[in-house]
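Here is the structure we will look at, set down as structure tokens.
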Amino acid sequence: MSKKVKTFRPKARRPKGFEDRFGTLANAENALIGAAAGVYASHGFEPLSTSALEYADCLGKFLPDDDRPNEGVFAFTDDDQQWMALRYDLTAPLARFVAENYDPLPKPLRRFAVGPVWRNEKPGPGRFREFIQVDADTIGAPGPAADAEMIMLAADVMDAAGLARGEYVIRVNNRKLLDAILGNIGVPDTEEGAVQRLRVLRAIDKLDRLGADGVARLLGDGRKDDSGDFTKGAGLSAQGIVAVLGYTQAGADTLEATLGALQPLMGASTVGAQGVEELRAIAALLQACGYDDGRTLIDPSIVRGLGYYTGPVFEADLRIETVNEKGEPARFGSAGGGGRYDDLIARFRGQPVPATGFSFGVSRFAAALHALGRLGPVEPGPVVVLALEVDRMADYFAMASELRAAGMRSEVYMGGSGMKAQMKYADKRGAPAVVIVGEDERAANSVTVKNLVLGDKLSGQIEDNKEWRSGRPAQTSGPREQLLKLVQDALI
RNA sequence: GCCGCCUUAGCUCAGUAGGUUAGAGCGCCGGUUUGUGGAACCGGAGGUCCUUGGUUCGAGACCAAGAGGCGGUACCA
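This note's numbering applies: residue 6 is where the first sequence begins, and numbers increase by one.
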């Protein structure tokens, strides 16, 4: 008896959180990468590419989740039992690179980096497990001018990405202010205090979603959400909660007004006074350079979730309402952010190395544009040279080559189907025109060029298919030598 | 990770109280038109009804577990 052997067929499926990007989305991402990289390069930043994998201890303890180390990172052991991990951001690899090559590098070091990073987290709208960041960082510049430059850079990138004024805002704050507040209300400078501080950061991060009420609960004993899930709180006292919430709500409309409101909240704290001074210096530069026109704001409620920031922090927020496929409002989170991390390189070198940077979340930004229906018109396809006679491929290649030499995207049809299918192919590709050389044209040493855009327009006025076909609308013929001119005329 | 909802053709969905060969629209392929993308008309392909197990004479439908998707929450660009 013959037993039917079942051939194994893998189900074609994509890992969750990993997105295929094709057509418009891929083009949009590439354009955004180019725009951001162009801004950085024009400011004198040099490109640096590093590997996707790092030894896990080099990314190590500076993962955002200090309380859950290594979670959220894709990691495995190498042949020699060493833990390898896919990079989680572009900042940790930069710290490794700087520490490894410290002496010969120019200081300050200004570098930008482009590439995918990976996080093992639950995906959602605008949240992926693989996504592209474009970062700029300045290493070895301690003063607030470097931070101010990063903030202006962030605004420039948003502009270059095609946002109009008022469609985004860069919110600026300083970690030192919160440190001062927490110090004043008695959060200790210990391990335990660090855990508490992180919980406070994350609670404040949720102000826009949960409101002051929810955040107050997270600052205190904890909060139970609608689904019944409980989040442990930071355990602050009632006065502490009032102090922290009051601080986060101290933002005003102008840089000056906010600074004025923050100053008295710092009490006797020297760190706090220093933080306000830094913000004041940054604000002065933003004003002097004209970035205080609504593009930048001081907002004490911006803290950023990562633990490694030590000074000024900022976030680029979209101010355009986005909706999902069902028309419900969708939250995309920030499209970029950054700040100062003076201790990150010290892990390797023992001495603090001042550093500040900005990270542009290209994939999320593109997803937001997509949700907004703003990805722009589809790029026109190539001019398609029909392959009507299989033994004349060399002629077809020559024609496509001629068009390319004149700067036109052009290709020869590579399938095996007849003319009708080739026309459909060209249509689906968004080809602006096709070049038709069959038996008749060859015999007459001529070429026929059909303008598909015009043809599409004319088809709307023709009901009868006989007429549509025999009329051969939007089509011109001429001598073979005139190919380029015929195509150019058709595309005007 | 936790909680909730959902899963039938490529897509959007219908499928009556469990009862033969599971449907529609759109899309796709072909024909009318063997050298012409649209429209129209005609025809066709395409389904392990998410998976596994259970209840039943009989399950797309009922039950359980798992997977996947969506939303919230956690986390974050």
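Virtual Cβ for every residue (Gly too), placed ideally from N, Cα, C.
Task: Collapsed DSSP secondary structure at A118 in the structure displayed - done: strand
- [ ] Could you name the residues that DSSP lists as bridge partners for A360?
- [x] I144
- [ ] Could you tell me the distance, in whole angstroms, from the CA atom of G238 to the CA atom of R116?
- [x] 39 Å
- [ ] Would you decide whether S415 is buried or exposed? Buried here means 16 or more other CB atoms lie within 10 Å of its CB.
- [x] buried
Task: L95 and G145 closer than 8 Å at C-beta - done: no
Task: Start-to-end residues for the beta strand (DSSP E) that takes in E320 - done: P317 to L323
Task: Counted within 10 angstroms of its Cβ, other Cβ atoms place R202 as buried (16 or more) or exposed - done: buried
Open item on the list: Considering only the alpha carbon of each residue, which of V200, G171, I175 and R176 lies closest to D184?
Closed with: V200
Task: Inter-residue CB distance, V318 and N179 (contact presumed, cutoff 8 Å) - done: 7 Å
TODO: Report yes if the CB atom of T301 is closer than 8 Å to the CB atom of I209, and no otherwise.
DONE: no
- [ ] Under 8 Å Cβ to Cβ from R447, same chain only, skipping five residues before and after it: list those, please.
- [x] E394, R397 and D400
Task: Residue range of the unbroken beta strand (DSSP E) whose run includes I441 - done: A438 to I441
- [ ] For the alpha helix (DSSP H) holding L203, just list the boundary residues, first then last.
- [x] E196 to D210
Open item on the list: Taking the alpha carbon of E51 as the reference point, which residue from G476, A118, M413 and L489 has its own alpha carbon closest?
Closed with: A118
Task: Burial state of R92 (16 or more Cβ within 10 Å) - done: buried
- [ ] Pick helix, strand or coil for Q254, following the three-state DSSP scheme.
- [x] coil
Task: Three CB pairs or more closer than 8 Å across the segment 366-383 and the segment 15-35 - done: yes
TODO: Go ahead and pull the three-state DSSP assignment for Q87.
DONE: coil
TODO: Closer than 7 Å by C-beta to F402: which residues in its own chain qualify, once you throw out the five before and the five after it? Chain order, please.
DONE: V417
Open item on the list: Can you tell me where the beta strand (DSSP E) holding R354 begins and where it ends?
Closed with: Not the beta strand (DSSP E): R354 falls in the alpha helix (DSSP H), residues A351 to R354.
Task: Neighbourhood of E320 by C-beta distance below 6 Å, restricted to the same chain and skipping five residues each side - done: R176, I307, S339 and G342
TODO: Please name the residue, chosen from N470, W473, S464 and T453, that lies closest to A495 on a Cα-to-Cα basis.
DONE: T453
TODO: Quick one: grab the DSSP three-state call for K21.
DONE: coil
Task: Coarse secondary structure for F102, derived from DSSP in three states - done: helix
Task: Contact the segment 20-27 vs the segment 118-137: 3+ CB pairs below 8 Å - done: yes
Open item on the list: Please tell me whether I38 and V139 are closer than 8 Å, where the distance is taken between their beta carbons.
Closed with: yes
Task: C-alpha distance - R434 paired with M163, whole-angstrom precision - done: 31 Å
Open item on the list: Given this structure, state the Cα-to-Cα distance separating L187 from L267, to the nearest angstrom.
Closed with: 14 Å
Task: Same chain, Cβ closer than 8 Å to Q279, neighbours up to 5 away in sequence not counted - done: K181
Task: Where S7 sits in the DSSP three-state scheme - done: A caution first: S7 carries a pLDDT of 34, below 50, which makes its placement in the model unreliable, though a value can still be read off. If DSSP states are grouped into helix, strand and coil, S7 belongs with coil.
Open item on the list: Can you tell me whether P484 is helix, strand or coil according to DSSP?
Closed with: strand
Open item on the list: Would F1 and G227 qualify as a contact pair, given that the criterion is a beta-carbon distance under 8 Å?
Closed with: Because residue 1 is not part of the residues shown, which for the chain are 6 to 497, the question remains open.
Task: Where A41 sits in the DSSP three-state scheme - done: helix
- [ ] With a threshold of 16 other CB atoms inside 10 Å of the CB of N259, please say whether the residue is buried or exposed.
- [x] First, the residue type needs correcting, since residue 259 is Thr and not Asn in the sequence shown. Looking at its Cβ environment, which holds fewer than 16 other Cβ atoms inside 10 Å, T259 is exposed.
Task: K425 versus L489: straight-line alpha-carbon distance, rounded - done: 24 Å
TODO: State the Cα-Cα distance for the pair A61 and Y346, rounded to the nearest angstrom.
DONE: 20 Å
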